[in-house]
Amino acid sequence: MKKIGFIGLGNMGLPMSTGLIKAGYHIIGYDLNEEATLSLKKAGGEIVSSVAQVVKKSELILTSLPSVKAVEEVYLGEGGLINNANPGKPLVDTSTVSPELNVEISEVCKKRNLDFLAAPVSGGVIGAVNQTLTVMAGGPKQTYEQVLPVLQVVGENIFHVDEQIDSGTTVKLINNLLIGFYTAGVSEALQLANKKNLDLDELFAMLNVSYGQSRIYERNYKSFIAKDDYKPGFSLKLLRKDLEFAMELADDNQLDLPISKSLLALYQAVEQEGYGEQDMAVLYEQVKKQSNKKGAAQ
Ligand SMILES: NC(=O)c1ccc[n+]([C@@H]2O[C@H](COP(=O)([O-])OP(=O)(O)OC[C@H]3O[C@@H](n4cnc5c(N)ncnc54)[C@H](O)[C@@H]3O)[C@@H](O)[C@H]2O)c1
């Protein structure tokens with residue numbers, strides 16, 4: 195399989211497809227955003243103007259889309275993948291969406307004899323650029339094995355979680371619930387450091403070799419907070435979306451997770467304040483503003 199269709203050329207999709215081009219694959223790209231398609235073209239990919247053309251020219255199609263709505267449109271829409279796909283051309287969704295949507299797409303694919311994998315990824319933009327993503331795939335093992343050589347180009351740690359289509363998504367949502375906690379924890383803990391006039395670089399050097407260390411502390415502090423630059427990355431609204439899916443999953447399984455619930459409410463409120471398009475690490479700035487609002491001297 196040398197001709198790969200890639201739909202959704204955003205923060206993740208663009209570096210993933212660029213990595214595939216570097217590995218010798220021919221990428222046929224499609225995105226609604228012209229800037230994204232131009233970037234792929236610059237990287238050596240071919241651009242087409244519809245989902246149907248992607249299917250026609252590709253042997254395998256990957257998607258990396260930002261929302262349930264976008265995935266529904268691209269897979270289930272009138273001009274979408276399923277209406278245009280042929281058996282023998284596997285469809286792999288690397289987006290993080292609801293488990294219900296994974297199941298719905300899988301059921302429709304089965305009826306049409308199409309192979310589908312729900313394979314969300316973790317590792318962020320940096321992981322996509324360095325081709326070190328973790329892939330958590332759910333779906334038929336046979337399809338997984340067929341597309342494995344391609345997944346091994348975009349990632350370093352590739353897991354087939356289970357034949358159950360939404361099994362990879364479950365793992366991914368647990369992962370992102372933890373990301374939500376760590377991001378909130380870093381945001382609040384660093385305010386205490388600010389109050390005590392600690393140097394945040396020195397603090398990081400010490401905590402990075404202590405139990406307070408985490409990959410999210412490293413990511414959020416080094417790449418965003420220390421640079422005072424919150425261009426995503428992983429936007430806060432995408433994290434809020436994943437926390438909503440995680441809470442729906444808890445509800446569906448009669449599980450009460452009160453701390454997670456308040457965490458979701460926090461991200462929803464921060465998004466309402468206009469931080470949604472910025473990287474999730476921006477929560478630090480919002481917490482800073484809030485704590486100052488409460489009148490504590492800086
Ligand atoms: N950014 C991260 O660090 C990260 C990490 C792991 C997983 N993810 C997941 O990967 C997915 C993509 O994330 P991202 O950060 O790249 O998002 P993004 O918003 O940067 O990119 C999404 C791209 O999809 C395009 N798009 C939207 N609707 C479309 C449609 N109907 N047809 C064609 N293209 C369409 C947009 O124009 C955009 O270029 C999300 O599901 C996200 O949760 C993101």
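Heads up: the sequence shown is residues 195 to 492, going by the numbering used here.
We treat Cβ as the ideally placed atom computed from N, Cα and C, and that holds for glycine.
* Closest to VAL248 by CA distance: which of VAL302, ASN296, ASN278 is it? -> As a first step, residue 248 must be located in the sequence shown, where it is residue number 54. Per the C-alpha coordinates, the member of VAL302, ASN296, ASN278 positioned closest to VAL248 is ASN278.
* Ordered along the chain, which non-local residues of its own chain (more than five positions away) have a Cβ less than 7 Å from that of HIS354? -> Locating residue 354 in the sequence shown gives position 160, where the first residue counts as 1. Hits under 7 Å: ALA331, LYS335, TYR338.
* CB of PHE200 to nearest heavy atom of ligand 1: below 7 Å? -> Sequence index remark: in the sequence shown, residue 200 carries index 6 (1-based). Incorrect: PHE200 has no Cβ contact closer than 7 Å to ligand 1.
* What's the call for ALA405, buried or exposed, on a 16-neighbour Cβ count within 10 Å? -> Start at 1 with the first residue of the sequence shown, and residue 405 comes out as number 211. Checking the sequence shown, residue 405 turns out to be Tyr, not Ala. Here TYR405 is exposed: its Cβ has fewer than 16 other Cβ atoms, across all protein chains shown, within 10 Å.
* Asked: How big is the Cα-Cα spacing for VAL403 and MET206?
  -> The residue you call residue 403 lines up with position 209 of the sequence shown. The residue you call residue 206 lines up with position 12 of the sequence shown. One C-alpha to the other measures close to 30 Å.
* Of the residues ASN227, ASP395, ILE373, SER233, the one placed nearest TYR461, counting alpha carbons only -> Taking the sequence shown and counting its residues from 1, the one referred to as residue 461 is at position 267. Nearest option by C-alpha distance: ILE373.
* Roughly how many angstroms lie between the CA atoms of VAL348 and LEU327, to the nearest whole one? -> Walking along the sequence shown from the start, residue 348 turns up at place 154. Walking along the sequence shown from the start, residue 327 turns up at place 133. The alpha-carbon atoms of VAL348 and LEU327 are separated by roughly 6 Å.
* Got a sec: does ligand 1 put a non-hydrogen atom nearer than 7 Å to the Cβ of THR290? -> Here residue 290 refers to the residue found at position 96 of the sequence shown. Under cutoff, so the answer is yes.
* State yes or no: is the C-beta of GLU267 nearer than 7 Å to some heavy atom of ligand 1? => Taking the first residue of the sequence shown as position 1, residue 267 is located at position 73. GLU267 Cβ: within cutoff of ligand 1.
* Determine the closest residue to GLN340 out of VAL481, LEU311, LEU451, TYR219, with distance taken between C-alpha atoms. => Reading the sequence shown from its first residue, position 146 is the one you call residue 340. Out of VAL481, LEU311, LEU451, TYR219, LEU311 has the C-alpha closest to the C-alpha of GLN340.
* Asked: Just the Cα atoms here: how many angstroms apart are GLY333 and ILE359?
  -> Looking up residue 333 in the sequence shown gives position 139. Looking up residue 359 in the sequence shown gives position 165. Distance between the alpha carbons of GLY333 and ILE359 is about 4 Å.
* Tell me, please, whether the CB atom of LYS283 is closer than 8 Å to any CB atom in chain C? => In the displayed structure, chain C is absent; only one protein chain is listed.
* Asked: Just checking my contact of SER429 with LEU371 at CB under 8 Å: how many whole Å lie between their CB atoms?
  -> Counting from one through the sequence shown, the residue named residue 429 turns up at place 235. Counting from one through the sequence shown, the residue named residue 371 turns up at place 177. About 17 Å separates the beta carbon of SER429 from that of LEU371, a gap too long to meet the 8 Å contact definition.
* Asked: Would ASN227 be called buried (16 or more neighbouring beta carbons within 10 Å of its own) or exposed?
  -> For the purposes of this step, residue 227 is taken as residue 33 along the sequence shown, with counting starting at 1. ASN227 is exposed by the Cβ-count criterion.
* Asked: What is the DSSP secondary structure of PHE428, reduced to helix, strand or coil?
  -> Here residue 428 refers to the residue found at position 234 when the sequence shown is read from its first residue. If DSSP states are grouped into helix, strand and coil, PHE428 belongs with coil.
* Hey, SER381 and VAL315: beta-carbon distance below 8 Å or not? -> By one-based count along the sequence shown, residue 381 stands at place 187. By one-based count along the sequence shown, residue 315 stands at place 121. No; because the gap between Cβ atoms is not below 8 Å, this pair is not in contact.
* Asked: So what's ASP473 in DSSP terms, helix, strand or just coil?
  -> Working through the sequence shown from its first residue, we reach residue 473 at position 279. If DSSP states are grouped into helix, strand and coil, ASP473 belongs with the strands.
* Counting pairs of beta carbons, one from the region 235 to 251 and one from the region 289 to 300, are three or more of them closer than 8 Å? -> Touching, no, given that fewer than three Cβ pairs across the two stretches are closer than 8 Å.
* Counting Cβ pairs, one atom from each stretch, are 3 or more of them under 8 Å apart for the region 405 to 423 and the region 441 to 455? -> Counting Cβ pairs under 8 Å, fewer than three are found: no touch.
* To do: Please look up how many angstroms separate the CB atoms of ALA378 and LEU477, rounded, as I've assumed it's under 8 Å.
  => By 1-based counting over the sequence shown, the position of residue 378 is 184. By 1-based counting over the sequence shown, the position of residue 477 is 283. About 6 Å separates the two Cβ atoms, so the contact holds.
* Asked: Regarding ASN391 and ligand 1, is the C-beta to nearest heavy atom distance less than 7 Å?
  -> Here residue 391 corresponds to residue number 197 of the sequence shown, with the count starting at 1. Taking non-hydrogen atoms of ligand 1 into account, the C-beta of ASN391 is found less than 7 Å away from none of them.
* Uninterrupted beta strand (DSSP E) stretches inside the region 335 to 373 (no shorter than 3 residues) -> Counting only runs of 3 or more residues that sit fully inside the region 335 to 373, the beta strand (DSSP E) segments are 349 to 356, in chain order.
* The alpha helix (DSSP H) enclosing ASP395, as first and last residue numbers -> The count along the sequence shown starts at 1 and reaches residue 395 at position 201. For ASP395, the enclosing alpha helix (DSSP H) begins and ends at 394 to 401.
* Asked: If GLY204 sits next to PRO281, beta carbons under 8 Å apart, how far is it from one beta carbon to the other, in whole angstroms?
  -> Within the sequence shown, numbered from 1, the residue matching residue 204 stands at position 10. Within the sequence shown, numbered from 1, the residue matching residue 281 stands at position 87. About 29 Å separates the two Cβ atoms, so there is no contact after all.
* Asked: Are there three or more Cβ pairs, one per stretch, closer than 8 Å when the region 462 to 472 is compared with the region 427 to 443?
  -> Verdict: yes, contact present.
* By a C-beta neighbour count over all protein chains shown, 10 Å radius and 16 as the cutoff for buried, is LEU275 buried or exposed? -> Locating residue 275 in the sequence shown gives position 81, counting from the first residue. With 16 or more other Cβ atoms within 10 Å, it is buried.
* To do: Kindly examine ligand 1 and report whether one of its heavy atoms sits closer than 7 Å to the Cβ of ASN227.
  => As a first step, residue 227 must be located in the sequence shown, where it is residue number 33. Yes, the beta carbon of ASN227 sits closer than 7 Å to at least one heavy atom of ligand 1.
* What is the residue span of the beta strand (DSSP E) that GLY199 lies within? -> Position 5 of the sequence shown holds residue 199. Following the DSSP letters along the chain, one finds GLY199 inside the beta strand (DSSP E) bounded by residues 197 to 201.
* Confirm, please, whether the CB-CB distance from ILE222 to GLY196 is below 8 Å. => The residue you call residue 196 lines up with position 2 of the sequence shown. The residue you call residue 222 lines up with position 28 of the sequence shown. Note that residue 196 is Lys in the sequence shown here, rather than Gly. In this structure, LYS196 keeps its C-beta atom at 8 Å or more from the C-beta atom of ILE222.
* To do: Helix, strand or coil for MET330, going by three-state DSSP, please let me know.
  => Position 136 of the sequence shown holds residue 330. In the structure shown, MET330 falls within a strand segment according to DSSP collapsed to helix, strand and coil.
* Is GLY273 buried or exposed, if buried means 16 or more other CB atoms sit within 10 Å of its CB? -> By 1-based counting over the sequence shown, the position of residue 273 is 79. Exposed, since its Cβ has fewer than 16 Cβ neighbours within 10 Å.
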